[in-house]
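S.K.: For reference, the structure I am asking about is given below.
In this note's numbering, the protein residues as written are 4 to 138.
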């Protein structure tokens, strides 16, 4: 049996690195993917968030070189809720049910560092041109 997930998305916040008691580095990434389409009512967009754990030397590199807004390619495996086999579910303060898609990364590629518009000082995290991605 085998399962694998591939994600191309932007970091939604700064990487968070820590060390386990055994001294192994682990970095948490919050990655957003989006899909746009047009229906009879106009433009629509759907954003899906993934919580990604990166381990070892790769975790240290992610913490050092990535920042909020960086574009990354992640290949890894989904980590389901051990009790249900589904995404982790919880009820938020807004009484809505939320789901968390958690991924353990096997491979992280840096596609683009964060781009900053010098003139305005604002971040530019526009949708990537997928024709330029070499895979």
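Where a beta carbon is used, it is the ideal one built from N, C-alpha and C, also for glycine.
Rounded to whole angstroms, how far is the Cβ of residue 12 from the Cβ of residue 29, which I believe are closer than 8 Å?
M.R.: For the purposes of this step, residue 12 is taken as residue 9 along the chain shown, with counting starting at 1. For the purposes of this step, residue 29 is taken as residue 26 along the chain shown, with counting starting at 1. 19 Å between Cβ atoms; not a contact.
S.K.: Enumerate in chain order the residues of its own chain whose CB-to-CB distance from residue 122 is below 8 Å, with the five nearest sequence positions on each side excluded.
M.R.: Residue 122 sits at position 119 when you count from the first residue of the chain shown. Caution applies to residue 122, whose pLDDT of 41 falls short of 50 and renders its modelled position unreliable; the value that the coordinates give is listed next. Excluding positions up to five away in sequence, the list is empty.
S.K.: Could you spell out where the beta strand (DSSP E) holding residue 48 opens and where it closes?
M.R.: For the purposes of this step, residue 48 is taken as the residue at position 45 of the chain shown. Note, residue 48: beta strand (DSSP E), 45–58.
S.K.: Leaving out five residues before and five after residue 22 in sequence, what residues of the same chain have Cβ atoms less than 7 Å from its Cβ?
M.R.: By one-based count along the chain shown, residue 22 stands at place 19. So the qualifying residues of the chain are 28.
S.K.: Which partner residues of residue 22 appear in the DSSP bridge assignment?
M.R.: On the chain shown, position 19 is the one that residue 22 refers to. DSSP output for residue 22 lists 28 as bridge partner(s).
S.K.: Indicate the three-state DSSP secondary structure (helix, strand or coil) for residue 105 in the structure shown.
M.R.: Within the chain shown, residue 105 is the residue found at index 102, counting from 1. In the structure shown, residue 105 sits in a strand (DSSP, three-state: E or B).
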